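Take a look at the structure below.
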Amino acid sequence: MRILSNKKGITFFIVIAILAILLIAITSYNSMLRSERYTMYRIIYGDNALIIAEAAMDLLQRIVEYEFALTGYERKNTYFKYEDLIKPKGEFKTVNFDSTKLTDVISNSDPIKALIEIFGGSSIAKVKKVEVTIDEKNVKYFGDVSGQSPNIVPNLHEKFGIITYSVQVEYYGITKTLNISKQIKIINVLPKVLRHFTFFIKNIPKGTDLNKILVDDSGVPINGKPLVLYNGEYNSPSSLSPLDQGMIFLGNQPASEPLILKMSHGDSTSGVGELFHLIRKFYLDKEFQRRYENSKGYQVGHTEYGVSSGMANARYFGIQTPKDLLSSMLKLYCTPAAPSPTRILGNVNRCYLRLGAYQDKQTNGTEHMGDMTFSTPATFTTAGVPPITEVDADTHGLLDEGGKLKPVTAEWIAKKILPDELGGMDLYNAYAEFMNQFIDYEPYNYSMLTPIKDKNGVDCDPNKIPDFKTKLFPSGSNSYGGNPAKPADEEYTGSDLRMLSLDEKYAIPYASYKFSGDKEFTDFKKLFMNGSQTDALKLGLATTFEGDIRLPQMTIQKGGMIICKKGNITISGDITADPVYNQTLAIIAMDGDIIVDAKKVDAILISLKDGLKFEPKNSLDISGTLAATSMDFDKLLTTGGKISYRPCQAVPTNDTNFYYASIQPDVRNWKVILDNDKK
Amino acid sequence: MTKNKSGGFTLIEILATIAILGIIAVNLLYSLTEQHRGTTDIVNKVISANYAKDVIDYLKAIPYSDVDSSFNGVEIGGSTENPKYKDLPKLVNPFERSVEILEFKDKPLCSGSNQKINYKIIKVSVKFDKNTNSRLTLIGTLMVDKFTN
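Just so you know, the sequences run in chain order A and B.
Sequential numbering from 39 applies to the first sequence in our numbering.
Sequential numbering from 1079 applies to the second sequence in our numbering.
Next up, the structure:
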């Protein structure tokens, strides 16, 4: 009985145990299934969060791109300080965009709200945080890494780096963060050097005759058409800075073979003749050295002075007003370390300079035109630092205590360049008075290129500075001061434009968009000419083409660079600067021609290799710069035309208004190599 | 008799045991079935989400201007196939996918904003049970064109 009773108990126990095991197994199985379901839901929720994050990221990138687009010229940035972005090397710090504002605008944007509704509403999904950062650790400066042209001092404001976007989204309690990094560039969209020039020709081969055009006794060209170079006005209402005037460079002539360039001023058909001598480097006046061997380097500035053929006709040689006197200057490049290659004889302070017009008939210098053949080239040095005249009362005396002609005075120069038969001392005195007008009205010599500033750094009106003359003339231990005024533009310090090599290191590092050539110009138009005004160009950055390109008619509303790396650029329609925006476009051919087949081009034209070609049917009319390594002057002077310098393009490198920050397209090119492909 | 009574189970005992086991088994089976149904459901939702994401990825690879209402429509796995999506993995029965593209032009970025943008919302829903909306996966994405101000 007990045994049997025990058997029943065991059986019962076994049944219970089996049931328990079954229960446990099934419960575990259920738990496992539940866990798997939970995991799968987490995956789905995470995926959904990522989908929302991707959409928010898309919108965020558009917002930031738009924000960057504002750095072109508008400067109405909301999420970061533009000034922080363009700080130079040493001052630049990590830029954190305003996360609160960005999160707010993204999460409250209509598109994201609409999207979140699809996913179940704001109680289920939300954008938690948005961040955009440019870490200073990831920023490099073009001057450090891109191998700039050796003679161009790097611009330390220009940089590239990584911008990181981060979007955090929560969906059913699952939080996902999406991060994306892209490259950015922050560059100045004007060509670094040549924007300061009206006309720049790097090489003029020996023996080149630039004086192609003959004029009659009235100054009217008999053959050819002149090129008028307009360098701006010194007394322009908009600016008093001489930096607002264009420079002219005609380089590479050896000192032994001065390049004699005959010019006339005025933009009328006929003109008043001038004579200019351009030589490669200074050479010493042996007589000067003999007389003033202890002078410790009296030197004559390189800048604008000379003889006007009209000087005998007006009180000061035809100069009626200071504005007339100073309204245009032929400025040539120079630094103390590399003296100007140019010595100019002739009054170039005129509004217009006409290249290549001269009269082949010899005159006596009183007929307002022609080759002043009586004027012999002077041989004084042109180091360009000290002034050409003294400012004290004795300056205007012609002779020193020993009865010798004082060196380095306007009178002395007159003596050097004007023969006695023209008038002797009277003429020299008049000439000195004439020249001293220049000294009175312009920041002379290097000072001319380095405007005097007040304590707040604001350019001063020279005419309102009581001790202006004193400031102009350096004081110190040497003959005319141990502290010569600083060079014009420190960008060129230690450089010589004749040594300037212009290659792809110059411009290509800045290119933000690349196109194959004209076949992709449609894409270019989609990107940069897509406004309601069909010919309006809104560039704001640098683009490159690697093939021939034909530019149509364009109205520049936002400037920048169009660079053709290989091939020709044909300008087939007028390129006009919209006066409302006052922007500058640079058109650069690095390995081809720029073919101008338009009536008017408001742009900086730079041809780094072969030169520029001109269609004879059109007279050239450029508002900007024309720069080339070499040029066919025969062709140029059959076409003729006018180049007017645009002061707005002469901004200093640290001028914040011409920097543009762009987000670079992703250029990664992933390639899968299968094992079978390996050889 | 006594031996027999003591050595075996009575009919009542066996019936009670069977009843208890039955109740337990039914509950367990029900639980298992439910779990299985839930798992199937989530698996289908994963598949649905993938079908939906296929469309989103497909459309986002197309230029903004080319994505239009011609991509709208309903596909039913195994029968109706939208030729616009011929490059996508085929739907299998019982999945059913519908796409709706909503286009917005010159809309303020957000309330009170001066910035206006063009954008499109791609709304994709995938069903795997035609009889109930609870078997529906609904996701969407944005395509942002540009600011238009």
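Glycine included, C-beta positions come from ideal geometry on N, C-alpha and C.
This one's a predicted model, so the numbers in the text were calculated from it and none came from an experiment.
- Cβ neighbours of A:A636 within its own chain (closer than 6 Å, five residues either side excluded): I609, G611 and D612.
- Non-local C-beta neighbours of B:K1183 in its own chain, meaning closer than 7 Å and more than five positions away in sequence, comprise N1196, ordered along the chain.
- Residue-level contact check: B:A1127 touches chain A, since one or more beta carbons of chain A fall below 8 Å from its beta carbon.
- Below the 9 Å Cβ cutoff, chain B contributes L1216, I1217 and G1218 as neighbours of A:F157, in chain order.
- Contact check for A:L565 against A:G598 fails: the beta carbons are separated by 8 Å or more.
- A straight-line Cα-Cα distance of about 17 Å links B:S1203 and A:A87.
- Around the C-beta of A:Y76, fewer than 16 other C-beta atoms lie within 10 Å, and the residue is accordingly described as exposed.
- Where A:K127 is concerned, there is no enclosing alpha helix (DSSP H), because DSSP gives it neither an H nor an E.
- Ranked by Cα distance from B:Q1193, the first of B:K1224, B:L1214, B:V1177 and B:R1213 is B:K1224.
- Taking 8 Å as the cut-off, the Cβ atoms of A:Q221 and A:T215 do not count as close.
- Counting of Cβ neighbours within 10 angstroms places A:A107 among the buried residues, the total reaching 16 or more.
- Residue range K197 to Y209 is occupied by the beta strand (DSSP E) that includes A:E208.
- Inter-residue distance for B:K1123 and B:M1221 is about 24 Å (C-alpha atoms, whole angstroms).
- Of all residues in the segment 60-81 of chain A, only L60, L61, I64, Y67, N68, L71, R72, E74, R75, M78, Y79 and I81 place a beta-carbon less than 8 Å from a beta-carbon of chain B.
- Going by C-alpha positions, B:E1112 is about 47 Å away from B:K1185.
- Taking all protein chains shown into account, B:I1090 has fewer than 16 neighbouring C-beta atoms within 10 Å of its C-beta and is therefore exposed.
- A:L265 counts as buried, since at least 16 other C-beta atoms from the protein chains shown sit within 10 angstroms of its C-beta.
- Straight across, the Cα-Cα distance linking A:S661 with A:F118 is about 35 Å.
- Between the segment 87-107 of chain A and the segment 154-168 of chain A there are three or more C-beta pairs closer than 8 Å, enough to call the two in contact.
- Judged by DSSP secondary structure, B:N1196 falls within the beta strand (DSSP E) whose first and last residues are K1194 to K1205.
- When Cβ pairs closer than 8 Å are counted between the two stretches, the segment 1162-1171 of chain B is seen not to touch the segment 120-128 of chain A, the count staying below three.
- Between A:I701 and A:E103, the CB-CB gap stays under 8 Å.
- The alpha-carbon separation between A:I600 and A:A549 amounts to approximately 9 Å.
- In the structure shown, A:F157 adopts coil according to DSSP, grouped into three states.
- Within the segment 85-101 of chain A, the residues whose Cβ lies closer than 9 Å to any Cβ of chain B are, in chain order, D85, N86, I89, I90, E92, A93, A94, D96, L97, Q99, R100 and I101.
- With respect to A:I644, A:Q687 sits apart: the two C-beta atoms are not nearer than 8 Å.
- In this structure B:A1139 does not touch B:I1217 by the C-beta definition: roughly 17 Å separates them, more than the 8 Å allowed.
- CA-to-CA, the gap between A:N68 and A:L57 works out to about 16 Å.
- Checking the DSSP bridge columns, you'll see B:G1218 partnered with B:K1201.
- Chain-order list of chain B residues neighbouring A:V170: empty, with the shortest C-beta distance near 16 Å, by a criterion of under 7 Å.
- Separation of B:N1150 and B:R1175 (C-alpha to C-alpha, rounded to the nearest whole angstrom) is 10 Å.
- In the displayed model, A:E584 falls within coil according to three-state DSSP, outside both helix and strand.
- For the segment 1088-1103 of chain B, the residues whose beta carbon sits under 8 Å from a beta carbon of chain A are, in order, T1095, L1099 and I1102.
- Sequence-ordered contacts of the segment 135-156 of chain A with chain B read V143, N146, S147, D148, P149, A152, L153 and I156 [C-beta pairs closer than 7 Å].
- For the C-beta of B:S1176, not a single chain A residue is nearer than 9 Å; the gap to the nearest is close to 13 Å.
- Interface flag for B:T1117 against chain A is set, since a Cβ pair is found closer than 8 Å.
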